[in-house]
Amino acid sequence: MSQPDEQSEQEPSEEIDPIWTSSRTARQIYALGEVERDIGRLLSLAASSVSLLTLPQTDGPDDNLPQGDERSEQFVLEVSEYFERLESIQVAIRSSLAHIRQSRIAPSAINAPPPGFVPPSLGVTIPIDGTGGEVLGLQEGRVGRDAWVGILNALTRLKAAREQEELKGTHDSQRCGVDMDTRG
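For the sequence shown, the working numbering assigns the number 7 to the initial residue and increments by one for each residue that follows.
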């Protein structure tokens with residue numbers, strides 16, 4: 007790989023969004039995104055290396071593959087880059103695993119969900135009933151809980167107001183009866 011190509015590939019990494027440098031975890035997530043791109047490039051290098059190993063007679067007119075000694079030189083360059091990328095991927099994955107171990111993230115938190123699993127719209131779920139059939143997102147559950155608490159508070163105030171009115175009505179009628187007795 008030539009020097010200008012390496013520089014052009016590394017220039018975008020210099021312009022990293024500040025959110026990716028805000029914490030160690032964010033940097034690890036960014037690094038895993040880089041690994042994903044490297045894996046794509048690794049597969050491309052593998053495909054072109056295999057193409058360079060084929061006989062020149064099988065090349066298509068649009069393949070733009072070198073001929074003769076250039077072909078073997080290009081193969082050596084692509085295989086060298088392949089192994090460099092493979093090593094960088096391995097280092098990045100090991101670094102991410104070390105970060106996970108250091109953060110003491112529970113293995114159950116990173117296990118893959120069962121096949122066909124569709125997460126709810128707001129992430130963490132709580133069961134509606136004991137059967138585990140329907141589930142609400144955590145935020146949805148909190149909104150529902152708050153709504154029921156609000157209803158309970160409103161009904162409690164309404165009941166207290168009615169009791170106040172009944173007591174006031176009873177007290178007023180008793181006072182009216184006392185007033186009538188004192189006039190007569």
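Using N, Cα and C, we set each Cβ at its ideal position, and we do this for glycine too.
Taking the CA atoms as reference points, residue 76 sits about 40 angstroms from residue 103.
By the beta-carbon neighbour count (other beta carbons within 10 angstroms, threshold 16), residue 43 is exposed. From the listed residues 41, 72 and 38, the smallest Cα separation to residue 54 is found for 72. In the three-state reduction of the DSSP assignment, residue 161 falls in the helix class. When rounded, the separation of the alpha-carbon atoms in residue 85 and residue 147 is 55 angstroms.
For the pair residue 79 and residue 51, the CB atoms are not nearer than the 8 angstroms cut-off. Of the other Cβ atoms in all chains shown, fewer than 16 fall within 10 Å of the Cβ of residue 168; this residue is therefore exposed. Under the criterion of beta carbons closer than 8 angstroms, residue 98 and residue 37 qualify as touching, at roughly 5 angstroms. Taking the Cα positions, residue 119 is about 46 angstroms away from residue 163.
Burial is judged here by how many other beta carbons sit within 10 angstroms of a residue's own beta carbon; residue 110 has fewer than 16 and is exposed. For residue 80, the uninterrupted alpha helix (DSSP H) run begins and ends at 75-109, by DSSP. Counting the other Cβ atoms within 10 Å of the Cβ of residue 158 gives fewer than 16, which makes it exposed.
Put simply, the backbone Cα of residue 46 is about 14 angstroms away from that of residue 90.
Taking C-beta atoms as the reference points, residue 30 and residue 105 count as a pair closer than 8 angstroms.
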